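Undergrad:
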Amino acid sequence: MIFVLGIDAATWTVINPNLGELKNFDRLCRIGEGKTLVIKEKPISASIWCGMFCGKTFEEHGHDSYVSDGNIVKREDIEVDFIWDILPQRGIKVKALNVPFVVPPYNFGVDFMPVGFGLPTNEREWEEELQRITEKSKELLNEDLDLLISVYTLLDRVQHFHWGEDLVLEWYKKMDDKIGELLFDSGFLDNKDNKLVVISDHGFCSFGEAKIQTLPQKTEEGELKGDHHENALLITVNLDYNIEKPQDIFFFLCDEYKINP
Ligand SMILES: [Zn+2]
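So for the sequence shown, the numbering used here puts the first residue at -9; every next one is plus one.
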């Protein structure tokens, strides 16, 4: 089974200096390979997650916003085939949970109600998303699937509002605990045939340092302290495919299942 675990906005800037406290990220880096994925396109979540699973650049898929002309953009508005549209035609069993290229995030083959419309904004919602994505993903890992894609979105929101505060590391620690449950306690990584990709769509930095401002500084939920950075996170286990851009996830999966993209 291949498991692509997305963590929106996960960044080495927080993880690297704190590997002593982030035991499961540390373990992952030891058994697998960690690297920085430099995003050459604008680091906008909708666009990057979309490209990662359809293999197209923004120029090709044209999707970079949750809202267009005052309307919420839907899956049907984006004229591409995603990996989960292609693989099942070849009998490959795929499920996808909470992929945030649209809001609420997209599910394929999974019945799941996203937390906070996919934009969880307070501690209660962050906690709820952590719990529910973890539980659902554990359930799906126990099914007879070939490919599972799951994405957590909460760190993006935590960092937009609290970048620079101790609170950020607190939420990385909570995420680290869940990763332990999901990848190690579940036995997923004990099976040497299993392949894992942990990936983010962008990193994070102080609001004023971001090359591209993704949100206005003043929002209804408060003033933003952080914004997207082009250095995203990538950790792979048991992969011998070189991933250098988000779209390579799509190409890796096509290669793995012998599909001509
Ligand atoms: Zn993002």
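Glycine included, C-beta positions come from ideal geometry on N, C-alpha and C. Fair warning: this is a prediction, and the values are worked out from it, not measured in the lab.
Using the Cα positions of LYS46 and ILE249, report the straight-line distance between them to the nearest angstrom.
TA: Roughly 16 Å between the two C-alpha positions.
Undergrad: Would you list the residues whose beta-carbon is nearer than 6 Å to any heavy atom of ligand 1, in the order they occur in the chain?
TA: This criterion selects ASP(-2), ALA(-1), SER35, ASP146, ASP191, HIS192.
Undergrad: So, helix, strand or coil for ILE225, using DSSP?
TA: In the structure shown, ILE225 sits in a strand (DSSP, three-state: E or B).
Undergrad: Is the stretch 164 to 175 close to the stretch 10 to 26, with three or more CB pairs under 8 Å?
TA: Yes, they touch.
Undergrad: Counting only the same chain and skipping the five closest in sequence on each side, list residues whose C-beta sits under 8 Å from that of LEU9.
TA: Contacts found: PHE15, ASP16, CYS19.
Undergrad: Name, in chain order, the residues that DSSP records as bridge partners for THR209.
TA: Answer is GLY212.
Undergrad: Who are the Cβ neighbours of PRO236 in its own chain at under 6 Å, not counting the five residues just before and after it?
TA: ILE38, GLY41, MET42.
Undergrad: Rounding to the nearest angstrom, what Cα-Cα distance links THR226 and ASN97 in this structure?
TA: Between THR226 and ASN97, the C-alpha separation is close to 23 Å.
Undergrad: Give every residue of the same chain whose Cβ lies closer than 8 Å to the Cβ of ILE29, excluding the five residues on either side of it in the sequence, and list them in chain order.
TA: Answer for ILE29: ILE38, ASP191, HIS192, GLU220, ASN221, ALA222, LYS235, PRO236, listed in chain order.
Undergrad: Is there contact here, the stretch 131 to 151 with the stretch 69 to 88, by at least three beta-carbon pairs under 8 Å?
TA: Short answer: they touch.
Undergrad: Using the DSSP secondary-structure output, state which residues sit across from ASP217 in a beta bridge.
TA: Answer is CYS195.
Undergrad: Any idea what DSSP makes of LYS126, helix, strand or coil?
TA: LYS126: helix per DSSP, three-state reduction.
Undergrad: With a Cβ-Cβ cutoff of 8 Å, do ARG147 and LEU87 count as a contact?
TA: Going by C-beta atoms, ARG147 is not nearer than 8 Å to LEU87.
Undergrad: With H, G and I counted as helix, E and B as strand and the rest as coil, what does DSSP make of VAL72?
TA: In the sequence as presented, Val is not what sits at residue 72; that position holds Phe. DSSP places PHE72 in coil when its eight states are reduced to three.
Undergrad: Between the C-alpha atoms of ILE233 and ASN112, what's the straight-line distance to the nearest angstrom?
TA: For ILE233 and ASN112, the distance between alpha carbons rounds to 33 Å.
Undergrad: Any chance you could list the beta strand (DSSP E) runs of at least 3 consecutive residues sitting entirely within the stretch -2 to 24, in chain order?
TA: Counting whole runs of 3 or more residues, the stretch -2 to 24 contains no beta strand (DSSP E) stretch at all.
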